[in-house]
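**Student:** Numbering (the UniProt record's numbering), first residue to last: 1 to 139.
Sending over a structure as structure tokens; questions will come in a sec.
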């Protein structure tokens, strides 16, 4: 278990002041179905984040949501289609949309920034690092 991730999840819950989007958090079954549907295996830390704070609202950004009906604003499958049309690499999974740019998860667990304006070399070691540096410190 990643103790740093647990601390960051708890910090985001506190920072959000209990503000959450009006969506249900995904369970293991829904996450497994999503993985099959989009052909991308979610790292365990990302699954944990989605299940615990996938609907937390804090600052100016938030995670793309994983829902059964796949119709909500900011929903992962919809954003994935949009991102692919814009040129986000197929092996990058958008986890957060930011004004037409995307923070994306790679299969090795790294998080990369994709800009519609061109190449960006911004990256984070893993979802824990990204949550701390971008979502908490960047807001």
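Yeah, the Cβ is synthetic: ideal placement off N, Cα and C, and Gly gets one too.
What's the call for residue 14, buried or exposed, on a 16-neighbour Cβ count within 10 Å?
**Tutor:** Taking the chain shown and counting its residues from 1, the one referred to as residue 14 is at position 14. When all chains shown are included, residue 14 counts as exposed.
**Student:** Considering only C-alpha positions, which residue in the set 68, 93, 69 is nearest to residue 79?
**Tutor:** Against the chain shown, residue 79 aligns to sequence position 79. Closest option to residue 79, Cα to Cα, is 93.
**Student:** Using a Cβ-Cβ distance cut-off of 8 Å, determine whether residue 133 contacts chain B.
**Tutor:** Here chain B cannot be found, since the structure has a single protein chain.
**Student:** Please classify residue 89: is it buried, with 16 or more other beta-carbons within 10 angstroms of its beta-carbon, or exposed?
**Tutor:** The residue you call residue 89 lines up with position 89 of the chain shown. With fewer than 16 other Cβ atoms within 10 Å, it is exposed.
**Student:** Hey, would you say residue 8 sits closer than 8 Å to residue 110, going by beta carbons?
**Tutor:** By one-based count along the chain shown, residue 8 stands at place 8. By one-based count along the chain shown, residue 110 stands at place 110. Cβ distance not < 8 Å, so residue 8 and residue 110 don't count as in contact.
**Student:** Fully enclosed by the stretch 68-128, which alpha helix (DSSP H) runs are 4 residues long or longer?
**Tutor:** Taking only runs of at least 4 residues, the alpha helix (DSSP H) segments lying wholly in the stretch 68-128 are 76-86.
**Student:** Starting from residue 6, trace the alpha helix (DSSP H) both ways and give me its first and last residue.
**Tutor:** As a position in the chain shown, residue 6 is number 6, starting the count at 1. Start and end: 3-15.
**Student:** Using a threshold of 8 Å, state whether the C-beta atoms of residue 95 and residue 64 are closer than that.
**Tutor:** Position 95 of the chain shown holds residue 95. Position 64 of the chain shown holds residue 64. A contact, by the Cβ cut-off of 8 Å.
**Student:** Quick check on DSSP: helix, strand or coil for residue 23?
**Tutor:** For the purposes of this step, residue 23 is taken as residue 23 along the chain shown, with counting starting at 1. DSSP places residue 23 outside both helix and strand once states are collapsed to three, so it counts as coil.
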